[in-house]
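Protein chains in written order, with this note's numbering: chain A, 106 to 213; chain B, 14 to 118.
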């Protein structure tokens with residue numbers, strides 16, 4: 106996939122997948138403890154998710170962070186909406202609100 | 014490299030009514046676990062809470078702050094929260110944190 110990390114391309118990714126994880130590395134080879142924690146939380150959640158390795162291109166981090174207006178990685182999107190980083194995804198996994206938000210689907 | 018006191022003062026600019034506890038995870042002055050406890054978080058989603066704090070903090074990321082693990086809680090949530098902070102370089106192990114407020118008691 107040839108990515109230019111434009112807002113349109115990034116939006117298309119989160120539009121297409123119910124769960125998206127922008128992370129450093131891959132779920133099998135995470136390059137950051139926070140990204141690993143987020144990937145593990147989503148694996149535990151059990152629904153399929155799209156993982157985007159933002160270390161694959163040096164343009165990725167500044168582009169994603171500017172588009173989302175969120176300064177850190179990883180970033181997790183549920184039904185097209187940014188929920189936050191690894192601390193929030195874990196909190197929402199544990200308190201059940203991740204499941205709720207996933208089940209509710211997209212707001213029109 | 015920055016001090017936990019500096020982090021706490023910066024967070025207070027964003028959430029003046031907060032009780033802030035910053036923990037320097039590696040004593041390296043760049044990886045922090047920060048607990049922000051405020052009544053005003055009540056009724057806000059986790060991301061909204063973090064956005065308030067990040068509005069002030071994001072200018073300091075990735076330098077001098079490399080990693081910022083934020084936990085934004087209401088006082089009621091803080092009552093039941095554990096004492097373990099996540100360490101991104103700890104091999105998946107948590108770090109037991111010294112709770113400043115508890116130690117005062």
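For every residue, glycine included, the Cβ atom is placed at its ideal position computed from N, Cα and C.
- CA-CA distance, residue 100(B) to residue 38(B), rounds to 7 Å.
- Runs of the beta strand (DSSP E) lying entirely within the region 60-105 of chain B and spanning at least 3 residues, in chain order: 80-86, 97-99.
- Counting only the Cα atoms, residue 120(A) lies some 15 Å from residue 110(A).
- Of all residues in the region 107-138 of chain A, the ones placed with a Cβ closer than 7 Å to any Cβ belonging to chain B are 137, 138, in chain order.
- Interface with chain B (8 Å Cβ-Cβ cutoff): residue 179(A) is excluded.
- Taken atom to atom, the span from the alpha-carbon of residue 194(A) to that of residue 86(B) is near 15 Å.
- Following the DSSP letters along the chain, one finds residue 50(B) inside the beta strand (DSSP E) bounded by residues 44-50.
- In the structure shown, residue 204(A) falls within a helical segment according to DSSP collapsed to helix, strand and coil.
- In the DSSP assignment, residue 141(A) falls within the unbroken alpha helix (DSSP H) covering 138-150.
- Taking 8 Å as the threshold, the shortest C-beta distance from residue 196(A) to chain B falls below it.
- Check the Cα spacing between residue 41(B) and each of 79(B), 83(B), 93(B): the tightest is with 79(B).
- The region 59-68 of chain B makes contact with the region 177-192 of chain A: 3 or more CB pairs, one atom from each, lie closer than 8 Å.
- In this chain, the alpha helix (DSSP H) harbouring residue 22(B) covers 17-27.
- The C-beta of residue 178(A) has 16 or more other C-beta atoms within 10 Å across all chains shown, which makes the residue buried.
- Check the Cα spacing between residue 198(A) and each of 145(A), 167(A), 172(A): the tightest is with 145(A).
- Setting aside the 5 residues that flank it on each side, residue 24(B) is surrounded in the same chain by 31, 33, 35, 47, 49, 66, 69, 70, each with a C-beta closer than 8 Å to its C-beta; the list follows chain order.
- For the region 54-72 of chain B, the set of positions with a beta-carbon nearer than 7 Å to some beta-carbon of chain A reads 59, 60, 63, 67, 71 in chain order.
- A residue is called buried once 16 or more other Cβ atoms fall within 10 Å of its Cβ, and residue 138(A) is buried on that count.
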